[in-house]
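Contents: one structure, followed by commentary.
Structure (structure tokens):
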């Protein structure tokens, strides 16, 4: 008879195992409860803000029934129909992104140059983007990529400096062109070339020529009609080139390559059609509607301190967009470049290795510094150091750029560290240089992580008020900024100022509506970064 090995389980062992399972279940339940509590609290906050912003208390039950039949019901039925068909669901998601993303792009592409001056924006854009574009074109033409990496940031900085030095020489020449000519160069023509390149890759050279010709023809016809009618064609050619053309291209491309998912194209039109149908029925039957504060007046007019219904946030909205755009343009390239140097080029031994370690530790510490400290830094740098006028736009952009720079660097470093060394070794084994390895192997793998960190950094900076207050950025302005060295304000500052207004409507309706606009701006910006990140992730998986 074989001898038994081990000892039989005892009551104490069973009880200890049971208690461990109970503690695990309790811990899991606590995590679920904490997560649900946080999400529900956030949802409740957004519901309260949305209720104040849209004024839903004034709506009658008939109003809810109208929109239940024209908007909620059709959207719900359509969504259930599409979700059961993967091809349609994918096209539906892309359709929402293309339609509303291109609409937002067109409006921003018109409003920002309109505020800053199309000529100034055109000059600085050409001088900033022209040199790196030339470097890339030359490297592709001659097939020499060894010095492309260092040459791109150097050429960008030189071009930016040349733009400021040669501005007085170039500006009179550019002033000879009408504003709509500059808009046509930077929006419709650029979009036509991009769509043509996409058509060439997906179909043929002939399709690219047809695409570019169709876009430019539509834009040209728009300009002719506007000029004949005596209307400035700037806005209309931007809408045709930046909104109508991409949407039409996406529709035709989907019908040609993915007919099984063509029904997914209808999503945005069902949404907009339901809203328009509901508005018509409410007006026709004279139904008591909501008293929303999100009106065209709020988005397109200047501020008023005494008439809540006439208060507009257009200067603040443009100021926030320009501020965040400049901040991202300053912080993102510098942050990613610094991370690439610290992870891919910095020595690990010797005095340079110790210097890199010191920089790494201090960058991590700077990511947790309070924002008011950066405000003091910006005040000392721009006011006392350079003697610039308080409250200018570039001071706020650079200060917020310094605020998010450590976060971008740390996130980019972690993303670069996550790329396996086997990828680098395989690239080196094929004879690639270090820059070719970084550009073609490491960066594509690290882009999702880099963009995730950038999203978090921008989300922190877009709502900051303390650094802007320290820089004497005005809380209220009645005109948008007309240059990077002009005075400006931002939407969070206006919300902060309006909260202290003695009129109750400002503290409830106007503040809530402005907060919804700020949230929508942040979500649009984050959505763009998320889409780029997901695109790289899908490409890596394929």
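Residue numbers (our numbering): 64 to 605. Note that the Cβ used here is the ideal one computed from N, Cα and C, for glycine as well.
In angstroms with no decimal places, state the Cα-to-Cα distance between residue i and residue j.
{"i": "residue 382", "j": "residue 362", "result": "13 Å"}
{"i": "residue 552", "j": "residue 425", "result": "31 Å"}
{"i": "residue 594", "j": "residue 413", "result": "42 Å"}
{"i": "residue 391", "j": "residue 588", "result": "11 Å"}
{"i": "residue 198", "j": "residue 336", "result": "47 Å"}
{"i": "residue 614", "j": "residue 202", "result": "In this structure the chain extends from 64 to 605, so residue 614 is not present and cannot be described."}
{"i": "residue 137", "j": "residue 474", "result": "42 Å"}
{"i": "residue 355", "j": "residue 573", "result": "10 Å"}
{"i": "residue 398", "j": "residue 467", "result": "9 Å"}
{"i": "residue 454", "j": "residue 537", "result": "6 Å"}
{"i": "residue 496", "j": "residue 487", "result": "10 Å"}
{"i": "residue 226", "j": "residue 190", "result": "5 Å"}
{"i": "residue 158", "j": "residue 79", "result": "56 Å"}
{"i": "residue 297", "j": "residue 188", "result": "18 Å"}
{"i": "residue 539", "j": "residue 358", "result": "19 Å"}
{"i": "residue 160", "j": "residue 146", "result": "17 Å"}
{"i": "residue 243", "j": "residue 346", "result": "37 Å"}
{"i": "residue 482", "j": "residue 352", "result": "55 Å"}
{"i": "residue 103", "j": "residue 94", "result": "14 Å"}
{"i": "residue 344", "j": "residue 568", "result": "28 Å"}
{"i": "residue 284", "j": "residue 365", "result": "34 Å"}
{"i": "residue 394", "j": "residue 429", "result": "14 Å"}
State yes or no: is the C-beta of residue i within less than 8 Å of the C-beta of residue j?
{"i": "residue 334", "j": "residue 325", "result": "no"}
{"i": "residue 330", "j": "residue 141", "result": "yes"}
{"i": "residue 438", "j": "residue 458", "result": "no"}
{"i": "residue 205", "j": "residue 385", "result": "no"}
{"i": "residue 125", "j": "residue 350", "result": "yes"}
{"i": "residue 341", "j": "residue 479", "result": "no"}
{"i": "residue 555", "j": "residue 178", "result": "no"}
{"i": "residue 152", "j": "residue 327", "result": "yes"}
{"i": "residue 525", "j": "residue 456", "result": "no"}
{"i": "residue 181", "j": "residue 246", "result": "yes"}
{"i": "residue 510", "j": "residue 596", "result": "yes"}
{"i": "residue 222", "j": "residue 254", "result": "no"}
{"i": "residue 186", "j": "residue 250", "result": "no"}
{"i": "residue 306", "j": "residue 169", "result": "yes"}
{"i": "residue 389", "j": "residue 460", "result": "yes"}
{"i": "residue 518", "j": "residue 592", "result": "yes"}
{"i": "residue 396", "j": "residue 216", "result": "yes"}
Decide if residue i is buried, meaning its Cβ has at least 16 other Cβ atoms within 10 Å, or exposed.
{"i": "residue 106", "result": "exposed"}
{"i": "residue 557", "result": "buried"}
{"i": "residue 470", "result": "buried"}
{"i": "residue 173", "result": "buried"}
{"i": "residue 288", "result": "exposed"}
{"i": "residue 464", "result": "buried"}
{"i": "residue 379", "result": "buried"}
{"i": "residue 476", "result": "buried"}
{"i": "residue 452", "result": "exposed"}
{"i": "residue 218", "result": "buried"}
{"i": "residue 300", "result": "buried"}
{"i": "residue 323", "result": "exposed"}
{"i": "residue 149", "result": "exposed"}
{"i": "residue 155", "result": "buried"}
{"i": "residue 33", "result": "Missing from the structure shown is residue 33; the chain here goes from 64 to 605 and no further."}
{"i": "residue 65", "result": "Low local confidence applies: a pLDDT of 48 at residue 65 is under 50, so the model's placement there is unreliable, with the coordinate-based value given in what follows. The residue in question, residue 65, is exposed, as its Cβ has fewer than 16 Cβ neighbours within 10 Å."}
{"i": "residue 420", "result": "exposed"}
Kindly confirm or deny that the region 527-536 and the region 391-406 touch, where touching means at least three C-beta pairs closer than 8 Å. They do not touch, by the three-pair rule.
Of all the alpha helix (DSSP H) runs that stay within the bounds of the region 286-357, which reach a length of 4 or more residues? As summarised for the region 286-357, the continuous alpha helix (DSSP H) elements at least 4 residues long and confined to that stretch are 297-302, 308-320, 330-347, given in chain order.
Is the number of C-beta pairs between the region 571-583 and the region 112-127 that are closer than 8 Å three or more? Contact check between the region 571-583 and the region 112-127: three or more CB pairs, one atom from each, fall below 8 Å, which counts as touching.
Contact between the region 293-312 and the region 154-167 (3+ Cβ pairs under 8 Å): Note that the region 293-312 touches the region 154-167; at least 3 beta-carbon pairs, one per stretch, sit closer than 8 Å.
Runs of 4 residues minimum, wholly inside the region 474-528: which ones carry the alpha helix (DSSP H) assignment? Counting only runs of 4 or more, we get 484-492, 497-500, 506-524.
What are the start and end residues of each continuous alpha helix (DSSP H) run of 4 or more residues lying completely inside the region 115-189, in chain order? Complete alpha helix (DSSP H) runs here, min 4: 124-130, 136-146, 149-179.
Touching or not, the region 289-305 and the region 119-127, by the rule of three or more beta carbon pairs under 8 Å? No, the region 289-305 is not in contact with the region 119-127.
Contact between the region 222-232 and the region 277-284 (3+ Cβ pairs under 8 Å): Pairwise C-beta distances place the region 222-232 out of contact with the region 277-284, as fewer than three of them are shorter than 8 Å.
So does the region 363-373 actually touch the region 559-569, counting three or more Cβ pairs closer than 8 Å? Using a C-beta cut-off of 8 Å, the region 363-373 makes contact with the region 559-569, since at least three inter-stretch Cβ pairs fall below that distance.
Unbroken alpha helix (DSSP H) runs of length 4 or more, entirely within the region 214-298: which are they? Restricting attention to alpha helix (DSSP H) runs no shorter than 4 residues, the region 214-298 encloses them at 230-237, 242-249, 251-265, 268-291, ordered along the chain.
Taking only runs that begin and end inside the region 354-407, name each unbroken alpha helix (DSSP H) of 4 or more residues, in chain order. When DSSP assignments are scanned along the region 354-407, the uninterrupted stretches of alpha helix (DSSP H) that are 4 or more residues long and fall wholly within it turn out to be 359-363, 377-403.
Ignoring anything shorter than 4 residues, give me the alpha helix (DSSP H) runs that lie fully in the region 529-557, in order along the chain. Positions of the alpha helix (DSSP H) runs, each at least 4 residues long and wholly inside the region 529-557, are given as 529-533 in order along the chain.
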